[in-house]
Structures are given as structure tokens and as C-alpha cells.
């Protein structure tokens, strides 16, 4: 379940309070007081067999005696009888229950008993151990809280009751209001994923704030978070940053991929902004909520105090931002103004002197807002005896209003306290972000920068993979299967390199030998310089025990070192099984960088990929980034950009730039390997040499085991469903590949739109149009396969050989996976060949496999071709009384065997 019946919880028409009480300071009394005095416009029904009345309202002895069926039941009763209470409410028809139990419910068996009691009635549960919910706009305060929040447009979902009460208190002192406050408690049912789906669709919520300690269902959370973040700002405080690395891990990746870093990667992929504390949370919500645009990380600073400008510049650089360089023409006009002096290079920061008049603020700000060299402007003001701070603020507000068309973000910081209150009020009224300290303003600017980057990852079209690669997954499955059949947890280095080679990752020439004599013969065949390594399933970090010797040149030297290595192993690892040695060429690439590419299996989010600076000291260097698979070239490049070594890879002085496309492609290949072979539990390629000529894997470790979840279900983000690929033939004999849409298909969608007649576009989009915007096309191609599906019919162009999309069909399901809306379009020159009919049949089959019960769509009445096709497919027609020119068509899907489309 997701949003089903949540309206009964957050917009109830009636509320029953189970366990209402008159006993002072009891939970039942405090919740009753909050409920009855919040202004709720509906019946509140207290239930307690031991009380005659609560808050002046007659009580009922039991759920069965209630005169009406309550939409929402608030339960303050002991946990022991909760399943029976929920069953009684379900039999009455109640669809939502909030459990504020007095004694903790921690046992998983108890939580499962609650779910089983609610499930037959499709009743939604919030809690147990919840502080409650507050919806000020509905007059609903069903909580154990100490204070009533103000109404506003921020929604807060908190896993901690005490954090929620603290936030309410904190917000009241700052005049911050909320649309919803929700305490999830122990999440027997409703969790963060459900709340994100619900609040994303709530018109009264401008931004969603989360306080999180853990995620219940990673796939559900990531799907809901990605959807919500496309619609409104989502910000999170995640507790537990200081968790130590997993000491038991045997790989570098496993050691580095600590839980908190994985959460960071998940938030980034979902488009969520993570902040550190309450001040930062509300500052970021306020900044993002004003809708100020941001295009980059270049900041212009305008100030009436030179020292404040310098201090602010330091804060900006330390935070990772950049000072904007002003255009020469802008500098020329500024230099012509009286009382203007630049503090920094290229006129930034710009000082307009302590005696700056409102007019000087206006003229300087006008010029900065028209200058294309900055992405945002921070206006600073220090109080002076010759300047009216409110007048200066009004001048800034007027200039911002007059230059709205420039779409330049403006932030302000009026330093001081008593003398600047009116200025701050003016900025708030004009929806201009303002901050008490310049450092706070810089932090807010960097929030905008990071939020923009995260949103771009959701919407940016990834480049095509620079080369096609056809992995040999059968060979990998055979290697992995053999190791698991032998009871081995780790592949040998030789096997690990075979796995990499099967997925097109270059590896050094490596020979497996059984004896020192065979090692000498292999050395003669390969030629030096060579590396000799012990081959043992029980020795993972070979260099730690003297199991690696480098820079050998002669076969006899290799043979002698092999004998010496055997002797060392008998001393340092007498129990280890020795299967022989590997002899491998030593790559001579003097300008290559040592990188690491890895993967580990996180308990919550499943497989996690790692990239960073490699070598034996990776845990000490700690220069790495994490990401969730599946990747594409854009996501891989973004992952690489997060590391410090990325700048070195661009080349400097006489050292040539690395072929970063080859590195990104390697990340994509590893990502595909992890998607294809769920038995791979941990992987290290270290070092991966990278230079201008490409990449080369020198060493690799792979751990295998039975996955906790089968196939792609273990991934937090559903990968490309290759099993849906199918070939079809249309009436004129042409053959097409029908496959799921890809993010890389955006240019093909634009090309398809270019081959539509104006009339066909109007019938499809209900309005005249010539082309799709990038944002609209990205939204159509970058889909979440877990809640929507689009199939395209493609074939190579006869003249150019480039792939062409001839038709596309899609369904978008509701969060409950019960109803889905369809859309279909074929190229105008393909009409009449049955392609649209075939695509519709394929998407309906897919909908049945997903368990969707109804597919519907809206069609213009004049679109007789579409209406005829729908009629032939079994859709029924329903007139739209609100829009006479539009017809709704829908089809009830018969129950079919639901086959996992993972």
C-alpha cells in the first residue's frame, strides 16, 4: 500500500479517541485536550468504559457502541489489546488508525500482528509509538504534543517524537507554520515512502521536511522520493553521521561504504537535499520555497562594508562556491558611479561604501542583475548612522521586482538585530531570502547550488555509451556457480579477472599455474616485467602476508620467488589452501593513475558502487564517492566529479588528461555486472590504471553468496527491464524492436515529434505545439520503471543507420498500483499500419503482469481513430461532463497470473 485511504487519516470527517481519559497528565487526557481544542470541524467520539465524559463530551464504552463509523481512530490504549481493537474498528468500516500507545511496541511479531489485523479492511496504520499527527489547516491535532503549531505550507515527517516536539517549539518562536506534522513511530504500515507520495500530491504543501533515522523499504522510498523531488523541494536530516566503518569487511569497498555515506548517495540520486541541523533545515526550506532560480555556482557580492565582503568571500570559497567575474562593460559602468569600489579581483566583491544611498543600491544591483557572469547575487548591509536600513532594503526589493525578467537569484543579509527588523520584514513580504549572518546566506546559496545539481541528475539527458559491449553473463554465472558449489565465498584473483574480461573490462595478461616450475615457464611465455601472486581462496589481501612480488624479469627469478613464497605461506598462513600462483604481466604505464572501482551490498539499499583514488592506502586517503546502480554515463561522470582526484584526471602541466569516458564506461560495465549477477556480494578492482589510452585492471577481488532478495528486487532502483524487449512485425512487413524507453532516447523523441503533423500533435497533446521542451522530453524518457512504463518501437534508419523511434506507448500507475493512465503516439507516416494497436496490446499485457486493475485515458472527441482503436481493444467510453470535447475511455483488466517484471 501507499496513499490508499490516507485521506481518512489526514482529512477525516470524524475521529474516535480510543483510551480517552480525564486523569491529569495521562496520554489519553493530553491527546483529548489537543483534539477537542484545535478547531476540528467534525464529531470527536471518546471511547473509555471507565469514564462518563471527557472534555465535556459523553464517552462510549466500546468501538461497537459508536453511533457512526469514524474515519480516523486515535488509539491511546495499552499495546496488549491493539490487534483486537484494530479488528473491531475494521469491522465497523474505519479506514485509518493512529496508534499512540503508552507502552512501547518493539517486537516484530507484535508489529506483524497489527498489520494482519488491519489488512483485511485495507485500514492504514500510523505508529505504533507515534507522537501523532497535526494538520493545522484541518484543525486536527491528534497528538501527544505540548504545543499547537501554526498553519503554513511546510510538511514535516519525523521518525522521532522528541525531535518533532522540539521542532514545533522551535518553529513557533520563528513564526514558521506547517501543513502537516507526522510522527511515523515504529512504521508498522505508513512509512516515509507513503508520506512522500501523499505530500507530493498535496496542494497545501510547498516543501517536505524529513527527520530520518532509517528507511523501511529502500525501493519504495527511492521511487517515492524521486517522484516527490521532481514536484517540490524535499529536505532531510538523517541522524547517525558518525557511524564507524564495518570492521569485519574484507574489501576496501566494504570498509569505506559505511551506512551514512550510502544514505548520502541515495539522497543525491533521489534529488533530495541533506542538511545538518534544524536551523539549516528551515533556512534551506525557506530559500528553496521562494522559487529563486539558480543556474550555477558563481556568486556576486554587493556590500557597503569591505571587511564583511572579504569575510563572506572566505565563507564562499570554503563552502565550495565560486566568486563571479563581472563583465568589462559592467565594470566600466560601475566604475563610473560615485562611491563604488571593488574589493576583490574583477570587481567582486563590490563595495558601494558606508554612505551608500538607496539609489546607489538600486543602480549597482540593476547592473549586477543584467550581468551574465553571475548566477546569484548576495546583497549585504552593515548599519551606519547615515543610512536608513529599511530604505536600503526597500530599494533592493524594488530593484529585484523590476528585474524579474533577468531570472537572477538575489539573497540578502542585513547585519545587526534591533535596527534591521523592518528591513527583514520587507524582504519576507517581497519573498526575497534574507539571513541574519553572511555565512548563513552563503550556506543558503550552496543549498541552491547542490539542489540544482541534484535536480539536473533527475532531468539531464545522459550521453550515449561510447561503445557497445556485449557481456558474456553465461560465462560469469558458470564461474560464480562453480565457486558457490564448492562452498567458496571468494573467487580467486584469476577467476575475478575472468569475470571482468567477460564484461569487457581490460585486464592484464594473467596465467594460472600450479607449481614454481610452471610459474617459470609462464614467465618465459609472457616476458617481463612480471608480477607473481599466491593463489588461495583463503588469502584475500595477498600483499599483507607477502603473497605478492613485483618487478620480476627472468623465468628463473620467478621460479625461485614462487618457492620462497610457498615457504612464507607455510609460516604465516599454515591453514590456507594453496592452489598455486598467478603470473601476470606488469603494465608499464608511467603516467597512469591508480583508481578503485568497487561494489558492496548494503543491508538497506542493496548493491552500492564505489569510485575513487586507489592503491593500498585507500582507507587512509578516503577520496571516494558512492552511487546506487544502475548507472548511465552521466551518473558515472557525476560520481567521478565528487572525488578530489577528478581534477587531476583532467591533466596538468606535462601530464596528459585521462580518458575519463573509459573510466565512466568501466563503472557502467561493473554496474551492469551487478545487475545481471545477483550472487556477486562484494567486488574490488584495485588498482584500476587509467591514462589517456584507457583503463587496465591490475587486481580484482569478488565475493559471492546467496542474495537476500532474488534478481533485481535487491536493487534500490529498478533497472532497465530487458526481459520486455520483443520483436514485432506490422502490416507492411516491416520489423521493429519494442523495448522500454531509455533516458538516452530524448533526442529520438525530439526527432519523432519533428515527424508529426501539426494536427496529430494537437490530438495527442490537446493543444497546438511544435516541439517539446527539454524538461518535458526528459520527463517522458527518464522514468521510474517501478511505477511507470513506456515502450518504444525502434528500427535503424535505412539511409543513416541511426536508431529511429516510430511509436511510443506508456502507462503511469497511481502509487497504489491499481489504476494507470495510458498515452500512445505513432509517427504520422506510420498511421494505418497497426503499430499503435500492437503497442497498446503490449502495454495492456504489461499492466496485467503488474497487477494493475484498470487502465484509462482521455481522448479528444474528434479523435475518431483513437476512439475506434480503444473500442476494438475493449475500452468502454464515458462522457466527460466537465469538458464536453473530451471523452474518457477505460478498461477493466482481467486478473492474470502476476509475473515479476524485474
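In our numbering, the protein residues as written are 668 to 1569.
Virtual Cβ for every residue (Gly too), placed ideally from N, Cα, C.
Check	Outcome
Should residue 902 be listed as close to the ligand MG, given that the test is whether its C-beta is under 7 Å from any heavy atom?	Annotation note on the ligand MG: not contained in the displayed structure, which lists no ligands.
Could you check the C-alpha separation between residue 992 and residue 1454 for me, to the nearest Å?	45 Å
According to DSSP, what are the bridge partners of residue 1439?	Paired residue(s): none; residue 1439 is not in a bridge.
With residue 1047 and residue 972 assumed to form a contact (beta carbons below 8 Å), what rounded beta-carbon distance in angstroms separates them?	7 Å
So, does the region 1333-1346 touch the region 1299-1308, judging by three or more C-beta pairs under 8 Å?	yes
Are the CB atoms of residue 1345 and residue 1381 nearer to each other than 8 Å?	yes
Note down the Cα distance separating residue 895 from residue 1447, rounded to an integer number of angstroms.	16 Å
What is the DSSP secondary structure of residue 854, counted as helix, strand or coil?	coil
If you scan the region 759-830 from start to end, which runs of the alpha helix (DSSP H) of 4 or more residues do you find wholly inside it?	775-785
Spell out a yes or no on whether the region 1191-1198 and the region 1208-1222 are touching, meaning 3 or more CB-CB pairs, one atom from each, closer than 8 Å.	yes
Hey, residue 1243 and residue 1203 are a contact pair by Cβ (cut 8 Å); roughly how many whole angstroms apart?	5 Å
For residue 726, tell me which candidate among 706, 683 and 1508 has the shortest Cα-Cα distance.	683
Rounded to the nearest angstrom, what separates residue 1157 and residue 1246 at their Cα positions?	13 Å
Rounded to whole angstroms, what's the CA-CA distance from residue 1567 to residue 686? Just pull it up for me.	With a pLDDT of 47 at residue 1567, under the threshold of 50, the modelled position of this residue cannot be trusted, and the question is left open.
Given residue 1078, which residues of its chain have a CB within under 8 Å of its CB, disregarding the five upstream and five downstream residues?	954, 959, 1043, 1044, 1045, 1046, 1099, 1100, 1101, 1102, 1108, 1111 and 1112
Pair every Cβ in the region 1396-1410 with every Cβ in the region 1304-1317, then say whether three or more of these pairs are closer than 8 Å.	no
Rounded C-beta distance between residue 844 and residue 860? I'm assuming under 8 Å.	About 25 Å separates the two Cβ atoms, so there is no contact after all.
Taking only three categories from DSSP, how would you classify residue 1274?	strand
Quick one, are the C-beta atoms of residue 898 and residue 870 less than 8 Å apart?	no
Confirm, please, whether the CB-CB distance from residue 677 to residue 753 is below 8 Å.	no
Three-state secondary structure (DSSP) at residue 1122?	helix
How many angstroms separate the CA atom of residue 1415 from the CA atom of residue 1388?	20 Å
List the endpoints of the continuous beta strand (DSSP E) containing residue 1081.	1076-1081
Following the continuous alpha helix (DSSP H) through residue 1223, name the residue where it begins and the one where it ends.	1222-1239
Enumerate in chain order the residues of its own chain whose CB-to-CB distance from residue 1513 is below 8 Å, with the five nearest sequence positions on each side excluded.	1391, 1456, 1458, 1478 and 1568
Cutting at 7 Å between CB atoms, please list the residues of its own chain near residue 1424, excluding the five before and the five after it.	1495
Once you ignore the five residues that flank residue 1141 on each side, which residues in its own chain have a CB closer than 7 Å to its CB?	none
Can you say whether residue 935 is buried or exposed, counting buried as having 16 or more other CB atoms within 10 angstroms of its CB?	buried
In the DSSP assignment, find the beta strand (DSSP E) that holds residue 1353 and state where it starts and stops.	1347-1358
Going by the CB atoms, is the gap between residue 847 and residue 882 shorter than 8 Å?	no
So which of 737, 720 and 790 has the shortest CA-CA distance to residue 750?	790
Could you tell me which of 810, 1259, 762 and 775 sits nearest to residue 787, measuring between CA atoms?	762
Based on the DSSP output, what are the partners of residue 970 in its beta bridges?	1018
Beta-carbon within less than 8 Å of residue 1030's beta-carbon, same chain only, minus the 5 sequence neighbours each way: which residues are those?	1004
Identify every residue that forms a DSSP beta bridge with residue 713.	684
Within 10 Å of its beta-carbon, does residue 729 have 16 or more other beta-carbons around it, so buried, or fewer, so exposed?	exposed
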